[in-house]
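Written below as C-alpha cells is the structure these notes are about.
2 protein chains.
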Amino acid sequence: MDDLASGLVGWADVDAAAERIAGVAHRTPVATSGTFDSLTGTRAFFKCENFQRMGAFKFRGAYNALSRLSPDQARRGVVAFSSGNHAQAVALAGRLLGIPAAIVMPADAPEVKMDATRGYGAEVVLYDRAAGEDREAFAARLATERGATLIPPFDHPHVIAGQGTAAKELIEETGPLDWLFVCCGGGGLLSGCAVAARHLSPGVKVVGVEPAAGDDATRSFRTRSLQRVDNPVTIADGARTQSLGRITFPMVLEHVHDMLTVTDEEIVEAMRFLWERMKLVVEPTGALATAGVLSGRLDTRGARVGVILSGGNVDLRAAARLFA
Amino acid sequence: MDDLASGLVGWADVDAAAERIAGVAHRTPVATSGTFDSLTGTRAFFKCENFQRMGAFKFRGAYNALSRLSPDQARRGVVAFSSGNHAQAVALAGRLLGIPAAIVMPADAPEVKMDATRGYGAEVVLYDRAAGEDREAFAARLATERGATLIPPFDHPHVIAGQGTAAKELIEETGPLDWLFVCCGGGGLLSGCAVAARHLSPGVKVVGVEPAAGDDATRSFRTRSLQRVDNPVTIADGARTQSLGRITFPMVLEHVHDMLTVTDEEIVEAMRFLWERMKLVVEPTGALATAGVLSGRLDTRGARVGVILSGGNVDLRAAARLFA
Numbered sequence: 467m468d469d470l471a472s473g474l475v476g477w478a479d480v481d482a483a484a485e486r487i488a489g490v491a492h493r494t495p496v497a498t499s500g501t502f503d504s505l506t507g508t509r510a511f512f513k514c515e516n517f518q519r520m521g522a523f524k525f526r527g528a529y530n531a532l533s534r535l536s537p538d539q540a541r542r543g544v545v546a547f548s549s550g551n552h553a554q555a556v557a558l559a560g561r562l563l564g565i566p567a568a569i570v571m572p573a574d575a576p577e578v579k580m581d582a583t584r585g586y587g588a589e590v591v592l593y594d595r596a597a598g599e600d601r602e603a604f605a606a607r608l609a610t611e612r613g614a615t616l617i618p619p620f621d622h623p624h625v626i627a628g629q630g631t632a633a634k635e636l637i638e639e640t641g642p643l644d645w646l647f648v649c650c651g652g653g654g655l656l657s658g659c660a661v662a663a664r665h666l667s668p669g670v671k672v673v674g675v676e677p678a679a680g681d682d683a684t685r686s687f688r689t690r691s692l693q694r695v696d697n698p699v700t701i702a703d704g705a706r707t708q709s710l711g712r713i714t715f716p717m718v719l720e721h722v723h724d725m726l727t728v729t730d731e732e733i734v735e736a737m738r739f740l741w742e743r744m745k746l747v748v749e750p751t752g753a754l755a756t757a758g759v760l761s762g763r764l765d766t767r768g769a770r771v772g773v774i775l776s777g778g779n780v781d782l783r784a785a786a787r788l789f790a
Numbered sequence: 467m468d469d470l471a472s473g474l475v476g477w478a479d480v481d482a483a484a485e486r487i488a489g490v491a492h493r494t495p496v497a498t499s500g501t502f503d504s505l506t507g508t509r510a511f512f513k514c515e516n517f518q519r520m521g522a523f524k525f526r527g528a529y530n531a532l533s534r535l536s537p538d539q540a541r542r543g544v545v546a547f548s549s550g551n552h553a554q555a556v557a558l559a560g561r562l563l564g565i566p567a568a569i570v571m572p573a574d575a576p577e578v579k580m581d582a583t584r585g586y587g588a589e590v591v592l593y594d595r596a597a598g599e600d601r602e603a604f605a606a607r608l609a610t611e612r613g614a615t616l617i618p619p620f621d622h623p624h625v626i627a628g629q630g631t632a633a634k635e636l637i638e639e640t641g642p643l644d645w646l647f648v649c650c651g652g653g654g655l656l657s658g659c660a661v662a663a664r665h666l667s668p669g670v671k672v673v674g675v676e677p678a679a680g681d682d683a684t685r686s687f688r689t690r691s692l693q694r695v696d697n698p699v700t701i702a703d704g705a706r707t708q709s710l711g712r713i714t715f716p717m718v719l720e721h722v723h724d725m726l727t728v729t730d731e732e733i734v735e736a737m738r739f740l741w742e743r744m745k746l747v748v749e750p751t752g753a754l755a756t757a758g759v760l761s762g763r764l765d766t767r768g769a770r771v772g773v774i775l776s777g778g779n780v781d782l783r784a785a786a787r788l789f790a
C-alpha cells in the first residue's frame, strides 16, 4: 500500500504542494547566528516561518488544501475551527482563492483575533463553550448544514503536505542536515516536515518538541499508543492540542527520531535569544524547536541542525509581560 | 575641488568601502510588507540593518575606517567614545582586524553595555561625567597619550563612506527609488546613504528623520547654519547627538531633500508595526525612518520608498515597557 492509499502523506504529496503554493506563499529566509552556534556547538539554520504570510507556516497547509477543492466544493465554501493561526490561514487562503470561509471560534475568543480573521474576509461564527458542544462537532455540523468542506487544523493529508514544504525549502537551501527540530502540537508540521526532510536528507534525525505541560505526543511516541492531554496550561498556545491525529500519529511513529519536552521557562529563554540576539519576533510555540536545541537534551554538538521557527504572531503586550 | 580634497565623501568612497567590507559585513536582507504598502499607499523596501553584525549599521563604518589604518597605526590601536552601537562596532571591527580597541564610556553606563563591548574583546575605559571633562576631550587625550587613532562615531570620511554601503546594497537590490528615508543622529548614515542613493538612483529624494526632542539637524537644514541641542530626552537613544558634524553638515545640505521630525509616540507606533506585523525587532532609533513615512508628512503615495531600519539592539525589558 503506498502512502496515498494508506491516507498518509509521502514525498510526492509534499512536492505537489510546493508547486501549488509557489508564488503565493513566501519562500521564507533562512537565518543563522554565530552566537547560537557558539553556545550550542552546532551549525544551526533557522527557517523563518514567522515571515510567512499571516505570520505562520499554517498558510502553507491551508492554501494547499483549499487549492485542491473542486469548483463545486469551492463554491460551497469551507469551515474551520480555530482561534489561532489556522483561522487566519484559512481566511487568507479563502480570500486569495475566492472561496468563502467560515471560522468557528469560541464566543470568548479575544476580539483582536476575531477582527484579524474578519480582516482577511472570513465570516466568524461564534459558539458557546459553556453549552457543552465541542468545537469540532459544532464546526462539523455547520459544514454539513452548509454543504461546506471542513478544513481541520492538522489531521488532513493536504494540510500536512503543505506544511512539509517548509522543510523542503529549508533543506534545498542548506543542503543535508544531521538534525531537524520542529515544534509539535497536533503534528501536522512535524509529520509533513519529517517526510520532506527524510526524502531530501536521508540521514536526518527529526525531533519533535512539545511544551512539558502538553506532553501527549511525547508519551504517544514512547508508548506507541495515542495519549491525550486536556487543556494543557502553557504559553505555547499553538501546542495546546489534545493529541496527535489519526494521520499524524502513525506518520510521527514512522518518521520521527525522537520527541522531547521543554518548560515554559525554557521557551521564554529561547524567545529572549531569538528576539534579543537574532532580532526575530517569534511566538512561544514558534520558539519550541529552538528551546529544544538549547536544552541540550540531545547531543547535537558538531552537527548541522535545522530549526523551524513556526510563527511570529504575538500580542506585544502579552509578550512584554513574559520579558518583564 | 573634488569630494576627497574637500574632506567630503563621494560615490567612489562608498564604492571602495563596499569592497573592503565585502564578505565581512552581512549583506542584510530587504523586507517588504503588503500591509505597510496598503496603509501608506507606497511600495516600500526596508533595509534590515537590525540583522547586521553586532545588530546595527555601525559595523559598516567602523570596519571600513579600521581597515584603512596603516600597519603602524593598527599596532597602536584605536580609541572610540560611545556607550551605544558605535562602541560595539569598533570593538568587533578591532577584533576581526587584530587592532586593539579602547572604548570610552561614562562610569555610570549600563553594566550590560560594558559587558557587551568587553565581550567583543575591547578594553572599556571609564570616565567620570561629574568631573566636568567632556567625553570627546577625554577620548582625544587618551588617544594622544597612547599614540592611538581616534575613531569618531560619525564625523569621519571612512565612517560615512562605510555607512553609505547600506543604501548601495538596498538600491542594487530594489532598483531606482523615488524616496529614501534614513534616521539622523550625527548624520553619518544619512549623508553616506544620500551620496550612494543619488548616484545609483539620481531622481531619489533623500529624507532624514529625527526625534522631535532632538531636532537640531532639521533646524540646521532649514536655517543652513549649524544648530545644537543639549541632552535631548527621547527614546531614540542613537539620535541623542548634539549636532551634525563638520563633514556631515555640508553633505546633508548638499544631498538631502528634506528633514522631518517624529514624536516618541510615533516612534513607538512604528516599532509596534515593525515588531507585530513584520516580526522585526528594531530599536527606537532604528524605527525613525519608518515613523517618518507613516507620519504622512511628506506625500509619498504611489512612490517606491526605501526605508533604512538602522539597528535592533534593545533591552527587552525596556522595550516591554514601551509596549505595555
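Same order as they appear, the protein sequences are chains C and W.
Just so you know, we're using our numbering here: the first sequence kicks off at 467 and counts up by one.
Just so you know, we're using our numbering here: the second sequence kicks off at 467 and counts up by one.
For every residue, glycine included, the Cβ atom is placed at its ideal position computed from N, Cα and C.
Bear in mind the structure is a predicted one, so any value in this text is a computation, not a measurement.
query, result
"Contact list for E742 of chain C against chain D, beta-carbon separation under 7 Å", "Any reference to chain D falls outside this structure, whose protein chains are C and W."
"Closer than 7 Å to chain W by CB, L470 of chain C", "Residue placement at L470 of chain C cannot be trusted, given a pLDDT of 45 that sits under 50; what the coordinates show is reported in the next sentence. Not an interface residue."
"Within chain W, the residues that A790 of chain C reaches when beta carbons sit closer than 7 Å", "R783 and A786"
"contact_flag[the segment 570–588 of chain C, the segment 553–562 of chain C] where n(CB pairs < 8 Å) is 3 or more", "yes"
"V673 of chain W beta carbon less than 7 Å from that of D724 of chain W", "yes"
"CB contact check: K745 of chain C to chain W, cutoff 7 Å", "yes"
"Between the CA atoms of I733 of chain W and L746 of chain W - distance to the nearest angstrom", "14 Å"
"Inter-residue Cα distance where the pair is D767 of chain W and T508 of chain W", "The amino acid at residue 767 of chain W is misidentified as Asp; the sequence shows Arg. Approximately 5 Å, taken between the alpha carbons."
"Members of the segment 510–525 of chain W near chain C, C-beta cut-off 9 Å", "C514, N516, F517, R519 and G521"
"Continuous alpha helix (DSSP H) assignments of at least 4 residues falling wholly in the segment 499–571 of chain W", "500–506, 524–533, 537–542 and 551–563"
"Whole-angstrom distance between V591 of chain W and P576 of chain W, CA atom to CA atom", "14 Å"
"Beta-carbon proximity of T631 of chain W to R526 of chain W, cut-off 7 Å", "yes"
"Own chain partners of K579 of chain C with C-beta closer than 6 Å, once the 5 adjacent residues on each side are dropped", "S549"
"Which listed residue (W:T756, W:E749 and W:A769) has its alpha carbon closest to that of F789 of chain W", "W:E749"
"Per DSSP, cross-strand counterpart(s) of P677 of chain W", "W:V728"
"C-beta contact flag for L608 of chain C and V545 of chain C at 7 Å", "yes"
"Neighbouring residues, chain C, relative to G587 of chain W (Cβ below 7 Å)", "The contacting residues do not exist; G587 of chain W stays about 14 Å from chain C at best."
"8 Å contact criterion, which D479 of chain C and A627 of chain C should meet: CB distance rounded", "4 Å"
"E635 of chain C versus N530 of chain C - alpha carbon distance", "15 Å"
"Classification of P537 of chain C by the beta-carbon crowding that lies within 10 angstroms, buried from 16 upward", "exposed"
"Close beta carbons around A702 of chain C, own chain, < 7 Å, minus the five adjacent residues each side", "P677, I733, P750, T751 and L754"
"Residues that R738 of chain W contacts on chain C, provided the C-beta gap is smaller than 9 Å", "L782"
"Same chain only: Cβ atoms within 8 Å of D468 of chain W, ignoring 5 sequence neighbours per side", "Because D468 of chain W carries a pLDDT of 41, less than 50, the predicted location of this residue cannot be relied on, and the following value inherits that uncertainty. Once the five neighbours on either side are set aside, the close Cβ partners of D468 of chain W are G476."
"Residues near R486 of chain C in its chain [Cβ-Cβ closer than 6 Å; skip 5 each side]", "N530 and S533"
"Beta-carbon proximity check, V670 of chain W vs L692 of chain W, cutoff 7 Å", "no"
"Spatial distance of S776 of chain W from R763 of chain W (CA atoms)", "21 Å"
"Cβ-based neighbour list, T864 of chain C, same chain, cut-off 8 Å, excluding 5 preceding and 5 following", "Any answer about residue 864 of chain C is impossible in this case: the structure gives chain C only from 467 up to 790."
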